[in-house]
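Numbering-wise (this note's numbering), the sequence shown opens with residue -7 and increments by one. Every residue gets a Cβ at the ideal spot worked out from N, C-alpha and C, and that includes glycine. All remarks here apply to the structure that follows.
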Amino acid sequence: MAAERDPITCHVLDTTTGRPGASINVVLIPLSPSPSASQTSLLTATTNSDGRVTNWSNKSGDAGRVIRSLISECARKEGDASTTVCPVGSSLWKIEFDTGSYYGEGKCFFPKVELTFLVKGGEHFHVPLLLGPYSLTTYRGS
């Protein structure tokens, strides 16, 4: 039986070859303030042969549970300090792709791609990255 996918996933496609971006190291970090975020904030993965990350790893072992908990815990509550960046019920996350290692030293303009995005509890968030050595495109996938 296949493992259930985590609430935040990603996919890398190499636009120069038309193939998946396999074996790219990826880090997922909650940016919203949270008491336990510092202990569990480092979620890591490597894209598979299809260029996808469907499950993350962390020190506690159950990264999917940790992500769901952080999404809920990090979400801005009614009465919290006002911000237009992170509306009530949302949390702010960052995903980092180690593209320099993928293309090789000095062979790309973006050696690290960092994307910051909003997450709402109870939804799945898929972050595709269309990548070339000198360009990138991203969007909210399904």
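CB-CB under 7 angstroms to residue i, same chain, minus the five flanking residues each way: which ones, in chain order?
i: Arg(-3); result: Thr46, Asn47
i: Thr7; result: Leu122, Leu123, Gly124
i: Ser30; result: Per-residue confidence for Ser30 stands at a pLDDT of 46, beneath the threshold of 50, marking its modelled position as unreliable; no derived number is given.
i: Leu128; result: Phe102, Val105, Leu121, Leu122
Please name the residue in the options whose C-alpha comes closest to that of residue i.
i: Gly22; options: Ala14, Val111, Ile16, Ser93; result: It is worth fixing the name first, because residue 22 is Pro in this sequence and not Gly. For Pro22, the nearest C-alpha among the options comes from Val111.
i: Phe101; options: Gly92, Phe109, Thr108; result: Gly92
i: Val119; options: Pro125, Glu106, Gly113; result: Glu106
i: Ser61; options: Pro(-1), Leu128, Ser134; result: Pro(-1)
i: Gly114; options: Gly81, Leu123, Ser49, Ile16; result: Gly81
i: Gly136; options: Leu34, Gly96, Asp42; result: The requested residue 136 is not part of the displayed model; the chain covers only -7 to 134.
i: Ile87; options: Tyr95, Glu97, Phe117; result: Phe117
i: Ala14; options: Cys2, Asn40, Thr130; result: Asn40
i: Thr1; options: Ile16, Pro12, Arg44, Asn17; result: Arg44
i: Thr202; options: Ser127, Arg132, Glu97, Tyr126; result: Residue 202 lies beyond the stretch modelled for the chain, which goes from -7 to 134, so this question has no answer here.
What is the residue span of the alpha helix (DSSP H) that residue i lies within?
i: Thr91; result: 91 to 95
Contact check, residue i vs residue j under 8 angstroms by CB: the rounded distance?
i: Ser64; j: Ser24; result: At roughly 11 angstroms, the Cβ-Cβ gap does not stay under 8 angstroms, so Ser64 and Ser24 are not in contact.
i: Lys99; j: Phe89; result: So it is not a contact: roughly 15 angstroms between Cβ atoms.
i: Trp85; j: Leu20; result: 7 angstroms
The beta strand (DSSP E) that contains residue i, what's its start and end?
i: Leu23; result: Leu23 -> no beta strand (DSSP E), and no H or E assigned at all.
i: Ile0; result: 0 to 6
i: Pro35; result: Per the sequence shown, the amino acid found at residue 35 is Leu instead of Pro. That run of the beta strand (DSSP E) goes 35 to 38.
i: Pro125; result: Run containing Pro125: none; DSSP gives neither H nor E here.
i: Thr9; result: It is not in any beta strand (DSSP E) - Thr9 carries neither H nor E in the DSSP assignment.
i: Thr101; result: It is Phe, not Thr, that sits at residue 101 in the sequence shown. Premise fails: Phe101 is in no beta strand (DSSP E) and is neither H nor E.
Leaving out the 5 sequence neighbours to the left and right, which residues in its chain are closer than 6 angstroms to residue i when beta-carbon positions are compared?
i: Gly56; result: Asp(-2)
i: Tyr94; result: Ile16
i: Val18; result: Ala37, Val45, Phe89
i: Tyr126; result: Phe101
i: Pro79; result: none
Return the chain-ordered list of same chain residues with a C-beta closer than 8 angstroms to the C-beta of residue i, the five sequence neighbours on each side being excluded.
i: Ser49; result: Leu35, Thr36, Ala37, Ala55
i: Ile59; result: Asp(-2), Pro(-1), Ile0, Leu20, Leu35, Trp48
i: Gly135; result: Given a span of -7 to 134 for the chain in the structure shown, any question on residue 135 remains unanswerable.
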